[in-house]
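Following: one structure in structure tokens, then a few remarks.
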Amino acid sequence: MTRKNKPTKILEYYHNRFNHSIHERKIPFFTFPIFQKTLKEEVFYRLQFGKKARNFQPKVYEKSNFYLNFLQSTLKIFLFILLLTTFSCGVKGNPKPPPSITPKPVEDLTIKQYDGKFLIYFNYSPLYTDDRPMKEDFKFIIYKNSKKFDTNLFKEDTTYWFFDSVESKETCYQIQVKTKHKESTLSKPVCIVGKAINIEKPKPLSISIVEDGLKLTIPENGTFNIYKVKDESDFYPIPYKKVVKEKEFIDTNVELDKRYCYYYTALIDDVESEKSDTVCKTFKDIFPPLPPENGKLIVDKNEAIIIFEPSKSKDVVGYIFYKNSKIINNTPIKTYYFIDNDYKPGDVYYVEAVDKAGNKSQKLEIKE
Numbered sequence: 001m002t003r004k005n006k007p008t009k010i011l012e013y014y015h016n017r018f019n020h021s022i023h024e025r026k027i028p029f030f031t032f033p034i035f036q037k038t039l040k041e042e043v044f045y046r047l048q049f050g051k052k053a054r055n056f057q058p059k060v061y062e063k064s065n066f067y068l069n070f071l072q073s074t075l076k077i078f079l080f081i082l083l084l085t086t087f088s089c090g091v092k093g094n095p096k097p098p099p100s101i102t103p104k105p106v107e108d109l110t111i112k113q114y115d116g117k118f119l120i121y122f123n124y125s126p127l128y129t130d131d132r133p134m135k136e137d138f139k140f141i142i143y144k145n146s147k148k149f150d151t152n153l154f155k156e157d158t159t160y161w162f163f164d165s166v167e168s169k170e171t172c173y174q175i176q177v178k179t180k181h182k183e184s185t186l187s188k189p190v191c192i193v194g195k196a197i198n199i200e201k202p203k204p205l206s207i208s209i210v211e212d213g214l215k216l217t218i219p220e221n222g223t224f225n226i227y228k229v230k231d232e233s234d235f236y237p238i239p240y241k242k243v244v245k246e247k248e249f250i251d252t253n254v255e256l257d258k259r260y261c262y263y264y265t266a267l268i269d270d271v272e273s274e275k276s277d278t279v280c281k282t283f284k285d286i287f288p289p290l291p292p293e294n295g296k297l298i299v300d301k302n303e304a305i306i307i308f309e310p311s312k313s314k315d316v317v318g319y320i321f322y323k324n325s326k327i328i329n330n331t332p333i334k335t336y337y338f339i340d341n342d343y344k345p346g347d348v349y350y351v352e353a354v355d356k357a358g359n360k361s362q363k364l365e366i367k368e
């Protein structure tokens, strides 16, 4: 190889080195001029000094290395910040699942032997499995011993029930809710074995009004289920009250001037009898409130102040005042004192309490 060919070889060597640096070290395109300048400086220096320039490291090359390292570090930091920003934006947490269109299953299926029949009942509010209200038609599919069972299904509000004949072997029932698009899972099975127990029809309840509500008196001893219904012909599968060894029950969940109806069944070994005849009563407040107490008269010339302690009855709406047996106010006043500016010696005052139903208490006499 002649001397004039050495620069060509050196240039080829550094050209290959330059390309290698670009591809292997992934040098950004905007640093190419720095590396080109560095290589030209090295070639010129090596041609002048030969082997003495073997350890030559131009300052430009050092500077380009510094820039490269700086740019690579900056790029890494930028990418890290970009990732943090990306993951911190938008809705936090897992994405919400799509709305359910699967009906919620029946959860409280109950069975009992009632009046010589099996009575199966449950409550159901039409909801999807994500508790959204169901806004489409649905139906119940009844299974008896794992086979579809056709029968009449009765309904009142959210309560459903049906009857079946008594069988001496174990009989199991399940319910499934079905819409046009989906069907629920089967309810947990309820099973029963029929019992050969005959119970006579109970005698009717007696019903009376007491101050706190309606008192029901059972004419027999034993264990009973009391049912509260809308009228004489109404039926409801769920007992209102279970009574054990008691003959009286007071229903305090009543409102003035509303009519309430009741019947009951006798229970022996978890078997219910035929229901008694239904009795009904309108609740009215016929009891006067307790009178006010400890009246006192304070007189100052022609002015008299009547004071007293209020009635202890809870439903009092006000008081009516009398002077010498003559009524002062026709409408009850909610107050615990009264001022008369026309007092004369010997005047006598009376106060009576009035409740929500208009019942009046005994009069409290107040005089000097």
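According to my numbering, the residues represented by the sequence shown are 1 to 368, in order. Don't be surprised by glycine CBs; every beta carbon is placed ideally from N, CA and C.
Check	Outcome
Among 305, 284 and 309, whose alpha-carbon lies nearest the alpha-carbon of residue 359?	284
Comparing alpha-carbon positions, which option in 210, 365 and 261 lies nearest residue 325?	365
Would a C-beta distance cut-off of 8 angstroms place residue 144 and residue 114 closer than the cut-off?	no
Taking buried to mean at least 16 other C-beta atoms within 10 Å of its own C-beta, is residue 217 buried or exposed?	exposed
May I ask you to check if the CB of residue 340 is nearer than 7 angstroms to at least one heavy atom of the ligand ZN?	Judged by which ligands are present, the structure shown has none, so any question about the ligand ZN falls away.
Have a look at 165, 101, 151 and 168 and flag the residue whose alpha-carbon is nearest the alpha-carbon of residue 135.	101
Where does residue 245 fall in DSSP's three states?	coil
Could you tell me which of 322, 138 and 171 sits nearest to residue 120, measuring between CA atoms?	171
Among 108, 182, 192 and 328, which has the Cα closest to the Cα of residue 164?	192
Taking only the alpha-carbon atoms, compute the straight-line gap between residue 282 and residue 347 and give it to the nearest angstrom.	43 angstroms
I'd like the span of the beta strand (DSSP E) that includes residue 362, first residue to last.	Element bounds for residue 362: n/a, residue is neither H nor E.
Quick one: grab the DSSP three-state call for residue 74.	helix
Ignore the nearest five residues each way along the sequence and tell me which others in residue 339's own chain have a CB closer than 6 angstroms to its CB.	305
Could you name the residues of the same chain whose beta carbon sits closer than 7 angstroms to that of residue 230, not counting the 5 residues immediately before and after it, in chain order?	261
Smallest Cα separation from residue 204: which of 176, 245 and 280?	280
Could you give the first and the last residue of the continuous beta strand (DSSP E) run that contains residue 293?	293 to 300
How many whole angstroms separate the CB atoms of residue 291 and residue 363, which I take to be in contact at a CB cut-off of 8 angstroms?	7 angstroms
Looking only at its chain, what residues have a beta carbon closer than 7 angstroms to the beta carbon of residue 152, apart from the 5 residues adjacent to it on each side?	162
Among 130, 176, 185 and 169, which one has its Cα closest to the Cα of residue 149?	176
How do the region 311 to 328 and the region 253 to 270 stand: do at least 3 beta-carbon pairs fall below 8 angstroms, yes or no?	no
Look at the alpha carbon of residue 181 and the alpha carbon of residue 105, and state the distance between them as a whole number of angstroms.	15 angstroms
Among the candidates 111, 250 and 352, whose CA atom is the shortest distance from the CA of residue 369?	Past the boundaries of the shown model lies residue 369; the chain is included only from 1 to 368, so the question cannot be answered.
Which residues mark the beginning and the end of the beta strand (DSSP E) in which residue 208 is found?	206 to 210
Report back the beta-carbon spacing between residue 190 and residue 111 to the nearest angstrom; my notes put them in contact at under 8 angstroms.	4 angstroms
Using CA coordinates, which residue listed in 99, 160, 166 and 211 is at the minimum distance from residue 131?	99
So the candidates are 367, 223 and 228; which of them puts its Cα closest to the Cα of residue 215?	228
Mind reading off the beta-carbon distance from residue 212 to residue 238? Whole number of angstroms is fine, and I expect it under 8 angstroms.	So it is not a contact: roughly 24 angstroms between Cβ atoms.
How would you write the range of the beta strand (DSSP E) that residue 225 sits in, first residue to last?	223 to 229
Residue 117 to residue 255, Cα distance in whole Å?	35 angstroms
To the nearest angstrom, how far is the alpha carbon of residue 320 from that of residue 242?	44 angstroms
To the nearest angstrom, how far is the alpha carbon of residue 274 from that of residue 202?	8 angstroms
If you drop the 5 nearest sequence neighbours on each side, which residues of the same chain put their C-beta closer than 6 angstroms to that of residue 206?	217
My assumption, with CB atoms under 8 angstroms, is that residue 139 sits in contact with residue 178. Please give the rounded CB distance.	6 angstroms
Would residue 158 be called buried (16 or more neighbouring beta carbons within 10 Å of its own) or exposed?	exposed
Quick one: what's got a C-beta closer than 7 angstroms to residue 355's C-beta in the same chain, skipping five residues either side?	285, 289, 313, 315, 316 and 317
To which residues does DSSP link residue 321 through a beta bridge?	351
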